[in-house]
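**Q**
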Amino acid sequence: MPRSEKQKLKLYYIIEIFRKQTDEDHPISITEIIRQLSQSGIKAERKSIYRDFEAMAALGYEIVPVHSKQFKYYLANPDFKLAELRLLVDAVQASRFLTKKKSNDIIRKLEGLANIYDSERLQSQVYVTNRIKTLNESVYLNVDKIHYAIQDNSKISFMYFDWDINKKRVYRRSGGKYIVSPWALIWNNENYYLIGYESETQLIKHYRVDRMASIDIRAERRDGRKVFSDVDIPEYARKFFGMYNGDIVSVTLNCADDVTNAVMDKFGPDVKFEPQPDGKTFNITVDVAISPVFLSWVFMFGGKVRILSPNSVADELREMAERIANSK
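Per our numbering, the very first residue in the sequence shown carries number 83; after that it's consecutive.
1. Whose CA, out of Ser-311, Leu-167, Tyr-260 and Ala-301, lies closest to the CA of His-288?
2. Using a Cβ distance threshold of 8 Å, determine whether the region 330 to 340 contacts the region 261 to 276, with at least three qualifying pairs required.
3. Residue range of the beta strand (DSSP E) that Arg-304 falls in?
4. When you compare only the Cα positions, how much space is there between Asp-292 and Gln-358?
5. DSSP on Leu-204, reduced to helix/strand/coil?
6. Tell me which residue opens and which closes the alpha helix (DSSP H) that Lys-183 is part of.
7. Any idea what DSSP makes of Asn-224, helix, strand or coil?
8. CB of Ile-297 to nearest heavy atom of the ligand ATP: below 7 Å?
9. Suppose you measure from the CA of Lys-163 to the CA of Asp-200; what does that come to, to the nearest Å?
10. When you compare only the Cα positions, how much space is there between Glu-144 and Val-171?
11. Between Arg-300 and Ile-238, which are expected to be in contact by the criterion C-beta below 8 Å, what is the C-beta distance as a whole number of angstroms?
12. Suppose you measure from the CA of Lys-102 to the CA of Glu-114; what does that come to, to the nearest Å?
13. Taking the alpha carbon of Lys-158 as the point to measure from, which residue in Gln-152, Leu-167, Pro-147 and Ala-165 has its own alpha carbon closest?
14. What are the residues that DSSP puts in a beta bridge with Phe-135?
15. Does DSSP put Gly-257 in a helix, a strand or coil?
16. Of the residues Ile-96, Leu-167 and Asp-298, which one's Cα is nearest the Cα of Asp-226?
17. For Thr-32, which of helix, strand or coil comes out of DSSP?
18. Note down the Cα distance separating Asp-334 from Val-370, rounded to an integer number of angstroms.
19. Are there 16 or more other CB atoms within 10 angstroms of the CB of Arg-290, so buried, or fewer, so exposed?
20. For the beta strand (DSSP E) that Ala-371 lies in, which residues bound it at each end?
21. Leaving aside the five residues before and after Lys-362 along the sequence, list all residues of the same chain whose C-beta is less than 8 Å from its C-beta, in chain order.
22. Going by other Cβ atoms of all chains shown within 10 Å of its Cβ, with 16 needed for buried, is Ser-120 buried or exposed?
23. To which residues of the same chain is Tyr-222 closer than 6 Å at the C-beta, ignoring the five residues directly before and after it?
24. Whole angstroms are fine: how far does the CA of Met-346 sit from the CA of Asp-352?
25. Under a three-way DSSP split, which group does Arg-178 fall into?
26. How should Lys-154 be labelled, buried or exposed, when 16 other C-beta atoms within 10 angstroms of its C-beta is the threshold for buried?
27. Rounded to a whole number of angstroms, what is the C-alpha to C-alpha distance between Lys-90 and Ile-96?
28. Could you pull the start and end residues of the alpha helix (DSSP H) that Leu-399 belongs to?
29. For the candidate residues Ile-116, Gly-258, Gly-142 and Thr-342, whose alpha-carbon lies nearest to that of Ser-130?
30. State yes or no: is the C-beta of Asp-305 within less than 8 Å of the C-beta of Ser-263?
31. Could you tell me the distance, in whole angstroms, from the CA atom of Ala-139 to the CA atom of Lys-92?
32. At what residues does the alpha helix (DSSP H) containing Ile-99 begin and finish?
33. Go ahead and pull the three-state DSSP assignment for Pro-351.
34. Ser-263 by DSSP, collapsed to three states: which one?
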């Protein structure tokens, strides 16, 4: 790049120096800034650097002076603080819908948002190898396509598959396409789910995004607007444990006091606790989709959560326990 062309990028180079090389513990002098600019083929004088500081302030960058033997300066408001980047790294590591490769790619990009000192600290905490990850490399692209279709008010078509014992895809409908009107994406139990309307059956359907393939956005407007206008999506998702379909039933549970955290995690902080005379338990009444997922959740507490009503749901849990006990 010609010297004159680089000169036009002087402010950008200075911003990058502050963003990548400074923080409260690592201020930089004007002399060092001029030296680094010169190495990049950019001429600079002390007075011009001060004018650049004024331009940076107008752009929202807070340059703070530190006086020791000489004045030095640092960027006080980087785009991301180290704690924020650590949260993002942790979220990427924990995301099951991202493959190991994609997780590592994103984490490297997050490291690029930090200064050189914070980047080293981020690298020291990266442990992705033992996390459970999806086998489907295109999941994050699927999510992007679905978001676009929702914004564009368009239907989508896709293939849907299960994994066999050889970790090979087995496509449902013999590889035939599903045509669905997408209305919402939900993050549930570490997985993305599409909630959509199927015109053929006139039903709301759920699909695991990591098991969708060959998504195409169709030139057809979505169906089901009236159906979804009456649906509270967060409440609807809460009732469907793990996105398994089942009848919505009002269930009363008797819970031991030491499972309050688990109950609130599942049903939210607004669930009403009714303390019982024994002083050791409380009752709750919740609307849930009766499914193996819900029954397994109750079962895993080993009697600390009991189904009081309706009897039909309690009977389903009892039958499930008997099947497990009698299986060989």
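Glycine included, each C-beta is placed from N, C-alpha and C at the ideal position. Quick caveat, the model's predicted, so the values are computed rather than measured.
**A** On the basis of the supplied data:
1. On the sequence shown, residue 288 is found 206 positions in, with the first residue counted as 1. Out of Ser-311, Leu-167, Tyr-260 and Ala-301, Tyr-260 has the C-alpha closest to the C-alpha of His-288.
2. The region 330 to 340 is not in contact with the region 261 to 276.
3. The residue labelled residue 304 in the question sits at position 222 within the sequence shown. Unbroken run through Arg-304: none, as it is neither H nor E.
4. In the sequence shown, the residue the question calls residue 292 occupies position 210. In the sequence shown, the residue the question calls residue 358 occupies position 276. Distance between the alpha carbons of Asp-292 and Gln-358 is about 43 Å.
5. Along the sequence shown, one-based indexing puts residue 204 at 122. Leu-204: helix per DSSP, three-state reduction.
6. By one-based count along the sequence shown, residue 183 stands at place 101. Run containing Lys-183: 182 to 193, per the alpha helix (DSSP H) assignment.
7. Position 142 of the sequence shown holds residue 224. Asn-224 falls in the helix class under three-state DSSP.
8. The ligand ATP is not among the ligands present in this structure, which contains no ligands whatsoever.
9. Against the sequence shown, residue 163 aligns to sequence position 81. Against the sequence shown, residue 200 aligns to sequence position 118. Answer to the nearest angstrom: the Cα atoms are 9 Å apart.
10. Here residue 144 refers to the residue found at position 62 when the sequence shown is read from its first residue. Here residue 171 refers to the residue found at position 89 when the sequence shown is read from its first residue. Cα-Cα distance, rounded: 26 Å.
11. The residue labelled residue 300 in the question sits at position 218 within the sequence shown. The residue labelled residue 238 in the question sits at position 156 within the sequence shown. Yes, they are in contact, since the Cβ atoms of Arg-300 and Ile-238 sit about 6 Å apart, within 8 Å.
12. Working through the sequence shown from its first residue, we reach residue 102 at position 20. Working through the sequence shown from its first residue, we reach residue 114 at position 32. So the alpha carbons of these two residues sit roughly 14 Å apart.
13. Position 76 of the sequence shown, counted from the start, is the residue given in the question as residue 158. The residue asked about is misnamed: residue 158 is Ala in this sequence, not Lys. Closest by alpha carbon: Pro-147.
14. The count along the sequence shown starts at 1 and reaches residue 135 at position 53. Per DSSP, none; premise fails for Phe-135.
15. Here residue 257 refers to the residue found at position 175 of the sequence shown. If DSSP states are grouped into helix, strand and coil, Gly-257 belongs with the helices.
16. Taking the sequence shown and counting its residues from 1, one reaches residue 226 at position 144. When each option's Cα is compared against that of Asp-226, the closest is Asp-298.
17. Nothing can be reported for residue 32, as the shown portion of the chain is limited to 83 through 410.
18. Along the sequence shown, read from residue 1 onward, the residue named residue 334 stands at position 252. Along the sequence shown, read from residue 1 onward, the residue named residue 370 stands at position 288. Going by the sequence as given, residue 334 is Thr instead of Asp. Rounded to whole angstroms, Thr-334 to Val-370 spans 10 Å at the Cα level.
19. Numbered from 1 along the sequence shown, position 208 holds the residue referred to as residue 290. Counting Cβ neighbours within 10 Å, Arg-290 comes out buried, since at least 16 surround it.
20. As a working mapping, residue 371 is identified with position 289 in the sequence shown. Where Ala-371 is concerned, the enclosing beta strand (DSSP E) stretches over 363 to 371.
21. If you number the sequence shown from 1, residue 362 lands on position 280. Closer than 8 Å at the Cβ level, and outside the excluded window around Lys-362, lie Ala-338 and Asp-339.
22. Along the sequence shown, one-based indexing puts residue 120 at 38. Classification of Ser-120: exposed, given that the 10 Å Cβ count is below 16.
23. If you number the sequence shown from 1, residue 222 lands on position 140. Cβ within range, chain order: n/a, list empty.
24. Stepping through the sequence shown from its first residue, residue 352 is reached at position 270. Stepping through the sequence shown from its first residue, residue 346 is reached at position 264. Spanning the two alpha carbons is a distance of roughly 8 Å.
25. Position 96 of the sequence shown, counted from the start, is the residue given in the question as residue 178. Coil, per DSSP.
26. As a working note, residue 154 is residue 72 in the sequence shown. So Lys-154 ends up on the buried side.
27. Mapped onto the sequence shown, residue 90 falls at position 8. Mapped onto the sequence shown, residue 96 falls at position 14. About 12 Å.
28. In the sequence shown, residue 399 corresponds to position 317, counting from 1. It spans 393 to 408 - the alpha helix (DSSP H) in which Leu-399 sits, taken as one unbroken run.
29. Position 48 of the sequence shown holds residue 130. The option with the nearest alpha carbon to Ser-130 is Ile-116.
30. Within the sequence shown, numbered from 1, the residue matching residue 305 stands at position 223. Within the sequence shown, numbered from 1, the residue matching residue 263 stands at position 181. For Asp-305 and Ser-263, yes; Cβs fall inside 8 Å.
31. The residue given as residue 139 occupies position 57 in the sequence shown. The residue given as residue 92 occupies position 10 in the sequence shown. When rounded, the distance between both Cα atoms is 15 Å.
32. Taking the first residue of the sequence shown as 1, we reach residue 99 at position 17. Per DSSP, Ile-99 is one residue of the alpha helix (DSSP H) stretching across 92 to 103.
33. Reading the sequence shown from its first residue, position 269 is the one you call residue 351. Coil.
34. Numbered from 1 along the sequence shown, position 181 holds the residue referred to as residue 263. Three-state DSSP puts Ser-263 in a strand.
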